[in-house]
Amino acid sequence: MIIVLKPDITQKQIDHIVKEVKKLGLKPHVSKGIERTIIGVVGEEEVLSTKPLEVFPGVEKVMPILKPYKLVSREYQPEASIIDFGRGIKLGGKRIHVMAGPCAVETQELLLSIAHKVKKSGATFLRGGAFKPRTSPYSFQGLGEEGLKYLREAADHEGLLVVTEVMDTRDVHLVERYTDCLQIGARNMQNFNLLKEVGLCKKPVMLKRGLSSTVKEWLMSAEYIVSTGNPNVFLCERGIRTFEDSTRNTLDLSAVPVVKSLSHLPIIVDPSHGTGQRHLIAPMACAGVAAGADGIMVEVHPNPEKAKSDGAQALLPDMFDDLMQAMKGVARAIGREI
Ligand code: PEP
Ligand code: MN
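Using the working numbering, the letters of the sequence shown correspond one by one to residues 840 to 1177.
Shown next, in the form of structure tokens:
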């Protein structure tokens, strides 16, 4: 339900509506847009029929939100969200941000050297997993807190931001201390307790698409985080499982304009997990930019044969540098910048 307020409504009138909505056991979200202030109300809306909100002073109209996701829908907020990471970094605006780094944090030296190279090529975020969701319990599981320390140190040294995955509700506040952005991996997209826990955090959250999730399910997961209290959520298309087996996953680039039409949240593309093959990353990263992505995430490793995970899809630093140049050209062609 959206309560559209009159342009001349007073703060006292807004406070009164908020109080009345809360009395019904519902959660009001006041959103001050450029032209109008609206109050989104989520929860079991039937109880609202007991209160004629349209006759409250300052209310222009009351409209239902037809989509099952409410707070993340374009109906609720017509203008695109821009996530402010501080230090002048904003995701969702004209500038497209590139997040690069190894699949997993391996050693301190290696991470420092990758961070230096990706920064020099123009990345804004350093990526790398300290907690790794591996298919096999015998594979490298990540360095844990030690890895988080290396990430923070390397990123600070180069003036980068950190994005790293959190897999367990028990680690959320530990990871939040070190990172600038909490990553929810594909395998945890519907781990609702984890979504609620990152919903309590102050730092932005990147929500990757589940391996076999529809756009609607993905947006419902984003709704969990936003409705718990964290509005700074963006999505990451990383490929889905289909019958096609010539790539690791099928990178669903149409999800970018689909999400943009349904939701105000920013969306980025990860062609590394999306294709699983080094030679496919540059064309799909450029296509992601052309499709309207607000960012690109790629895995980079100087010695992929020795990488502890995902070596086959890691770009060498020089390849990453070439890709940055190519993406800059595509961004320019569509009126954006990298
Ligand atoms: C990752 O980005 O490190 C990762 C594990 O990706 P995904 O969750 O998309 O498989
Ligand atoms: Mn990986």
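Note that the Cβ used here is the ideal one computed from N, Cα and C, for glycine as well.
Quick caveat, the model's predicted, so the values are computed rather than measured.
Rounding to the nearest angstrom, what Cα-Cα distance links residue 1060 and residue 909 in this structure?
Position 221 of the sequence shown, counting from 1, holds the residue named residue 1060. Position 70 of the sequence shown, counting from 1, holds the residue named residue 909. Between residue 1060 and residue 909, the C-alpha separation is close to 11 angstroms.
Going by DSSP in three states, residue 867 sits in which element: helix, strand or coil?
Working through the sequence shown from its first residue, we reach residue 867 at position 28. Three-state DSSP puts residue 867 in a strand.
Euclidean distance between Cα positions of residue 861 and residue 911:
Working through the sequence shown from its first residue, we reach residue 861 at position 22. Working through the sequence shown from its first residue, we reach residue 911 at position 72. Those two C-alpha atoms are separated by around 20 angstroms.
State yes or no: is the C-beta of residue 942 nearer than 7 angstroms to some heavy atom of the ligand MN?
Here residue 942 is taken as the residue at index 103 of the sequence shown, counted from 1. Yes, the ligand MN has a heavy atom inside 7 angstroms of this Cβ.
Alpha helix (DSSP H) runs wholly inside the segment 983-1060, at least 4 long, in chain order:
Along the segment 983-1060, the alpha helix (DSSP H) occurs as fully enclosed runs of 4 or more residues at 984-997, 1011-1017 and 1031-1038, listed in sequence order.
Nearest by alpha-carbon distance to residue 1018: which of 1030, 1048 and 983 is it?
In the sequence shown, the residue the question calls residue 1018 occupies position 179. Of the listed residues, the one whose Cα sits closest to residue 1018 is 983.
By how many angstroms is the C-alpha of residue 872 removed from the C-alpha of residue 1011?
Working through the sequence shown from its first residue, we reach residue 1011 at position 172. Working through the sequence shown from its first residue, we reach residue 872 at position 33. If you draw a straight line from the Cα of residue 1011 to the Cα of residue 872, it comes to about 31 angstroms.
Selection from 967, 935 and 980 that minimises the alpha carbon distance to residue 947:
Position 108 of the sequence shown, counted from the start, is the residue given in the question as residue 947. Taking only the C-alpha atoms, the option nearest residue 947 is 967.
With which residues is residue 840 paired in a DSSP beta bridge?
The residue labelled residue 840 in the question sits at position 1 within the sequence shown. Bridge partners of residue 840 according to DSSP: none are assigned.
Residue 954, DSSP secondary structure in three states:
Numbered from its first residue, the sequence shown carries residue 954 at position 115. Residue state, collapsed to three classes: helix.
Going by the beta-carbon positions, is the gap between residue 1003 and residue 969 smaller than 8 angstroms?
Numbered from 1 along the sequence shown, position 164 holds the residue referred to as residue 1003. Numbered from 1 along the sequence shown, position 130 holds the residue referred to as residue 969. Less than 8 angstroms separates the beta-carbon of residue 1003 from that of residue 969.
Is the segment 951-961 touching the segment 923-934 in the sense that three or more CB pairs, one from each, lie closer than 8 angstroms?
At 8 angstroms Cβ cutoff, the stretches do not touch.
With DSSP as the reference, label residue 920 as helix, strand or coil.
The sequence position of residue 920 within the sequence shown is 81, counting from 1. The answer is coil: DSSP assigns residue 920 none of H, G, I, E or B.
Any contact between the segment 1032-1049 and the segment 1074-1090? By contact I mean 3 or more CB pairs, one from each, below 8 angstroms.
Remark: three or more beta-carbon pairs, one from each stretch, lie closer than 8 angstroms, so the segment 1032-1049 and the segment 1074-1090 are flagged as touching.
8 angstroms Cβ cutoff met for residue 1095 and residue 1131
What you label residue 1095 is simply residue 256 of the sequence shown in a count that begins at 1. What you label residue 1131 is simply residue 292 of the sequence shown in a count that begins at 1. A Cβ-Cβ contact shorter than 8 angstroms links residue 1095 with residue 1131.
The ligand PEP and residue 1178: does the residue's C-beta get closer than 7 angstroms to at least one heavy atom of that ligand?
This structure leaves residue 1178 out entirely; the chain is present only between 840 and 1177.
With which residues is residue 966 paired in a DSSP beta bridge?
To locate residue 966, count along the sequence shown from 1; it is residue 127. The partner list for residue 966 (beta bridge, DSSP) reads 1002.
Regarding residue 1103 and the ligand MN, is the C-beta to nearest heavy atom distance less than 7 angstroms?
By one-based count along the sequence shown, residue 1103 stands at place 264. In this structure, the C-beta of residue 1103 stays at least 7 angstroms away from each heavy atom of the ligand MN.
Anyone know if the C-beta pair for residue 1123 and residue 1134 falls short of 8 angstroms?
Within the sequence shown, numbered from 1, the residue matching residue 1123 stands at position 284. Within the sequence shown, numbered from 1, the residue matching residue 1134 stands at position 295. No, the Cβ-Cβ distance between residue 1123 and residue 1134 is not below 8 angstroms.
C-beta atoms of residue 1154 and residue 1137 nearer than 8 angstroms
In the sequence shown, residue 1154 corresponds to position 315, counting from 1. In the sequence shown, residue 1137 corresponds to position 298, counting from 1. It is a contact, given that the beta carbons lie within the stated cut-off.
Taking only heavy atoms of the ligand PEP into account, decide whether any of them is closer than 7 angstroms to the Cβ of residue 994.
Sequence index remark: in the sequence shown, residue 994 carries index 155 (1-based). The closest heavy atom of the ligand PEP lies 7 angstroms or more from the beta carbon of residue 994.
In whole angstroms, give me the CA-to-CA distance for residue 943 and residue 1140.
Position 104 of the sequence shown, counted from the first residue, corresponds to residue 943. Position 301 of the sequence shown, counted from the first residue, corresponds to residue 1140. So the two alpha carbons sit approximately 10 angstroms from each other.
In angstroms, rounded to a whole number, what distance separates the CA positions of residue 999 and residue 852?
In the sequence shown, residue 999 corresponds to position 160, counting from 1. In the sequence shown, residue 852 corresponds to position 13, counting from 1. Approximately 44 angstroms between the Cα atoms of the pair.
Nearer than 7 angstroms: is that true of the beta carbon of residue 1077 relative to any heavy atom of the ligand PEP?
Residue mapping note: residue 1077 aligns to position 238 of the sequence shown, counting from 1. Yes.
How many angstroms separate the CA atom of residue 892 from the CA atom of residue 898?
Within the sequence shown, residue 892 is the residue found at index 53, counting from 1. Within the sequence shown, residue 898 is the residue found at index 59, counting from 1. About 7 angstroms.
Report yes if the C-beta of residue 1112 is less than 7 angstroms from at least one heavy atom of the ligand SAH; otherwise report no.
In terms of ligand content, the structure shown lacks the ligand SAH and carries the ligand PEP and the ligand MN instead.
Between the C-alpha atoms of residue 903 and residue 914, what's the straight-line distance to the nearest angstrom?
Translated into positions along the sequence shown, residue 903 becomes position 64. Translated into positions along the sequence shown, residue 914 becomes position 75. CA-CA distance, residue 903 to residue 914, rounds to 9 angstroms.
Residue 878 in three-state terms, based on DSSP:
Position 39 of the sequence shown holds residue 878. In this structure, DSSP gives residue 878 an extended state, which the three-state scheme calls strand.
Is residue 1087 buried or exposed, if buried means 16 or more other CB atoms sit within 10 Å of its CB?
Walking along the sequence shown from the start, residue 1087 turns up at place 248. In summary, residue 1087 is buried, with 16 or more beta-carbon neighbours lying within 10 Å of its beta-carbon over all protein chains present.
When we look at the beta-carbon of residue 880 and count the other beta-carbons within 10 Å, is it buried (16 or more) or exposed?
Here residue 880 is taken as the residue at index 41 of the sequence shown, counted from 1. That one is buried.
Nearest-angstrom Cα distance between residue 855 and residue 1037?
As a working mapping, residue 855 is identified with position 16 in the sequence shown. As a working mapping, residue 1037 is identified with position 198 in the sequence shown. So the alpha carbons of these two residues sit roughly 30 angstroms apart.
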